[in-house]
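Notes follow once the structure below has been shown.
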Amino acid sequence: MLPHTVRIPIHILRRALAARYRLLTLTGLGLAAAAALAIWMSAQWVHTAAQQQTDAAARDQAEKHAQMLASELQKFRLLPLVLSEYPDVHAALSGGSPRAVQSLNTKLELLAQRTDAAAIYVTNSHGDTLAASNWNEPGSFVGENFSFRPYIQGAMAHGEAELFAVGAVTGRPGLFIARRIDEDGRALGVIVVKIDFAKLESLWARESGRTAIIESHGVVIITGHDPWRFRATRPTTPAEQAEIHRTMQFGSLSLDQVDLDPNAEGYLTLPDHDGPYRIAETPAALHGARLVHFEPLEPARTRAASNARLTLFSLIGAGALAFAVFWRIHMRRLAQTDMQQMLEDQVSARTAELRQANDRLKSESQRRMAADSRWRAAREELAQANRLSTIGQVTTGVAHEINQPIAAIRAFAENTGRFIDRKDVDRAKSNLTSIVELVDRVGKITTELRRFARRGTPAIQAVSLTEAVDGALLLIGDSLRANGVTLEWAGLTQDVQVTADRIRLEQILINLIQNARDALADTAAARIAIDVRTDDPERIYVTVHDNGPGLGPDIARTIFTPFVTTKPDGLGLGLGIARDIAREFGGALNIAPSRLGGAAFCITLRRA
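For the sequence shown, the UniProt record's numbering gives the first residue as 1, with consecutive numbering after it.
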């Protein structure tokens, strides 16, 4: 302690207080300006980030929905082409008997049920409907004349045509796909397949945004949002109105207009929804149509604002901590300077008695300088903090066809019912376990098919033949055992790689094994054998044998022709499809001699 009370001159106190006030004022103004700038920059970032994220989501959704629509259409566009070669269709159009027409009605009805087509019908060259899948329903097309429809006229003139329209008989909308049927250079009539998009629209309706397919007249024809359906997005011209009225494309619908055009900034506020939307547009898989997706901006804006607040609060907290450290160090420096100035003013009067006190003050000053150095180091460490975060989005897509696993699941389920009836609980539980495994398998298949749809081409690559055969037997093995069929498959001593797509190779194997199983329905001691020949340096030969009745010469010559089958309820498409898949692999599918005395089919594959 000082031996006497230290008196600080009033002018020194005034100067120190004035310096502190100026520093505090300047610091406060600087912090206020920095906070205002940070808030403005944060608002700009939120606006830009929300718009970019919403635009990206809208583009992704538009592309995904366009792929879903294209995939749905691809399944049906091949159907008229295949049916145009169907002998019963030619027979009916060439003046066939009522029995032939009735047979065609029944087969069209079965085909429509299995393919989920809304309707399939055949008209003569004048547009009169001769046979239809809905022949036994109140709104049957049989006897109706559709010559006024552009798809009939277009198919007769150009070979094929499509039109989305409201049904003239049923009043239900759908896409009509028409193809002309020729024979000896003469046009006999037209085969028409009608599809509806109720399932697709239901999927779109469950998503956050809104999607619409707009045809060439500007009319919304497919959408998951009911109030938009069959609303015009622009005024129709008198010529367009006359064409719509002549073809009855939209029946008696008024086609009231709905405003779906964005403003100058690219935003759209829908009358039945809160908040703005961003828009993405892409061509649709329908002639002259486009797909438009409306993605709400508010979810992305909420996420961006939350991230901005978190970042801003973190920066404010760091800035406040840094300022507190700086202010404390600076105030200590000012206190030291004031103390030194005060001691210098008093030294002349109290030199002798304050010498010792002055030494102690110097020592204290050194300790405070050391503390100042530590504060500087702490401030430098705080300057190295990192507060960045990253947000990722993952979009998923849609599954493709899984017919074979579903058929196996159905077989297991039917056998389970029979085992339950027999009180055979253990085998029923075993079947249920297999169903669970097949569901897992379906998940893997849909994942691979989703990747395939995105690539646009099959994944033809090196495939393990053992894994492909084992995968096929996983799906069909229990069905063979349930039908009393003995399977001979010894496996391979050394795995062989072939050039194929594994899922589609399994499809061929399952088709052949199922056909063999069905052929053995009335055969005692039924057997199926799978042989693999690997002696060829470039090819692998996989043969499926059975000891059934075999193939007669007539059926053997036409077995790969569409709709030729030996099954009472079969469509005759499986072997033709299997052969086409094998050819895509660079291989082949042919009839072969059976070492078991029945029928045999040989798959030729290229070595990988």
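Here a beta-carbon is modelled for each residue, glycine too, at the ideal position from N, C-alpha and C.
Considering only their Cβ atoms, is the gap separating residue j from residue i smaller than 8 angstroms?
{"i": "F148", "j": "G209", "result": "no"}
{"i": "R179", "j": "L81", "result": "yes"}
{"i": "I555", "j": "V544", "result": "no"}
{"i": "V122", "j": "L93", "result": "yes"}
{"i": "A472", "j": "I513", "result": "yes"}
{"i": "L480", "j": "L474", "result": "no"}
{"i": "A408", "j": "L432", "result": "no"}
{"i": "R539", "j": "R607", "result": "yes"}
{"i": "Q507", "j": "I581", "result": "yes"}
{"i": "A62", "j": "T269", "result": "no"}
{"i": "E160", "j": "F176", "result": "no"}
{"i": "T54", "j": "R278", "result": "yes"}
{"i": "V166", "j": "L260", "result": "no"}
{"i": "T170", "j": "G139", "result": "yes"}
{"i": "F419", "j": "R410", "result": "no"}
{"i": "D196", "j": "G218", "result": "no"}
{"i": "L509", "j": "V463", "result": "no"}
{"i": "A521", "j": "D546", "result": "no"}
{"i": "S365", "j": "Q341", "result": "no"}
{"i": "F76", "j": "V193", "result": "yes"}
Taking residue i as part of the alpha helix (DSSP H), name the residues at either end of that continuous run.
{"i": "R246", "result": "238-247"}
{"i": "I540", "result": "From DSSP, I540 is part of no alpha helix (DSSP H) but of the beta strand (DSSP E) over 539-546."}
{"i": "N515", "result": "502-519"}
{"i": "R557", "result": "553-558"}
{"i": "R583", "result": "574-584"}
{"i": "A198", "result": "198-205"}
{"i": "V89", "result": "87-93"}
{"i": "G154", "result": "150-158"}
For the beta strand (DSSP E) containing residue i, list its first residue and its last residue.
{"i": "P98", "result": "Run containing P98: none in the beta strand (DSSP E); it sits in the alpha helix (DSSP H), 98-115."}
{"i": "residue 610", "result": "This structure does not reach residue 610, given that the chain is present from 1 up to 608, and the question cannot be answered."}
{"i": "R179", "result": "173-183"}
{"i": "V258", "result": "Premise fails: V258 is in no beta strand (DSSP E) and is neither H nor E."}
{"i": "residue 610", "result": "The displayed coordinates of the chain run from 1 to 608. Any statement about residue 610 would go beyond what the structure contains."}
{"i": "V485", "result": "Where V485 is concerned, there is no enclosing beta strand (DSSP E), given that its DSSP letter is neither H nor E."}
{"i": "T223", "result": "220-223"}
{"i": "V169", "result": "No beta strand (DSSP E) holds V169; DSSP gives it neither H nor E."}
{"i": "K194", "result": "186-195"}
{"i": "A349", "result": "Note, A349: premise wrong, no beta strand (DSSP E); not H, not E."}
{"i": "N590", "result": "588-591"}
In the DSSP output, what is residue i paired with across the bridge?
{"i": "D128", "result": "N145"}
{"i": "L291", "result": "I213, T282"}
{"i": "D531", "result": "T543"}
{"i": "Q356", "result": "Beta-bridge pairing links Q356 to no other residue."}
{"i": "A232", "result": "V219, Q257"}
{"i": "V122", "result": "A131, I191"}
{"i": "P276", "result": "T269"}
{"i": "E162", "result": "I177"}
{"i": "P138", "result": "Paired residue(s): none; P138 is not in a bridge."}
{"i": "T499", "result": "A462"}
{"i": "P296", "result": "Y277"}
Measuring alpha carbon to alpha carbon, tell me which of the options ends up nearest residue i.
{"i": "A526", "options": "N511, I508, E506, G548", "result": "G548"}
{"i": "E207", "options": "R290, D60, Y86, K429", "result": "D60"}
{"i": "L297", "options": "R607, L575, V46", "result": "V46"}
{"i": "A524", "options": "V485, T499, A490, T558", "result": "V485"}
{"i": "W489", "options": "N483, L505, D470, A500", "result": "D470"}
{"i": "I316", "options": "G597, I39, Y267", "result": "I39"}
{"i": "T499", "options": "G587, M342, P262, L575", "result": "G587"}
{"i": "Q153", "options": "A516, N124, N415, A285", "result": "N124"}
{"i": "I213", "options": "P150, L573, L69", "result": "L69"}
{"i": "P553", "options": "L83, S464, I591", "result": "I591"}
{"i": "S216", "options": "L551, A239, S373", "result": "A239"}
{"i": "G550", "options": "R595, V542, D531, D535", "result": "R595"}
{"i": "A370", "options": "T351, M339, R332", "result": "R332"}
{"i": "A482", "options": "G443, D535, N511, A413", "result": "A413"}
{"i": "I476", "options": "N415, P262, L29, N145", "result": "N415"}
{"i": "I406", "options": "G417, V442, S373, S430", "result": "V442"}
Checking contacts by CB at 8 angstroms: is residue i closer than that to chain B?
{"i": "P138", "result": "Note that chain B does not occur in the displayed structure, where there is just one protein chain."}
> Counting Cβ pairs closer than 8 angstroms, one from the stretch 210-226 and one from the stretch 182-196, do we hit at least three?
Replying inline: Per the Cβ contact rule, the stretch 210-226 is not in contact with the stretch 182-196 (fewer than 3 Cβ pairs under 8 angstroms).
> For the 8 angstroms Cβ check, are there 3 or more pairs between the stretch 489-508 and the stretch 415-423?
Replying inline: Output reads no: the stretch 415-423 does not touch the stretch 489-508.
>> Quick test of the definition: if touching needs 3 or more C-beta pairs under 8 angstroms, does the stretch 306-319 touch the stretch 277-295?
In response: Taking 8 angstroms as the limit for Cβ pairs, the verdict is that the stretch 277-295 does not touch the stretch 306-319.
>> Three or more C-beta pairs under 8 angstroms: does that hold for the stretch 239-258 against the stretch 99-118?
In response: The stretch 239-258, when compared against the stretch 99-118, does not touch it at the 8 angstroms Cβ threshold.
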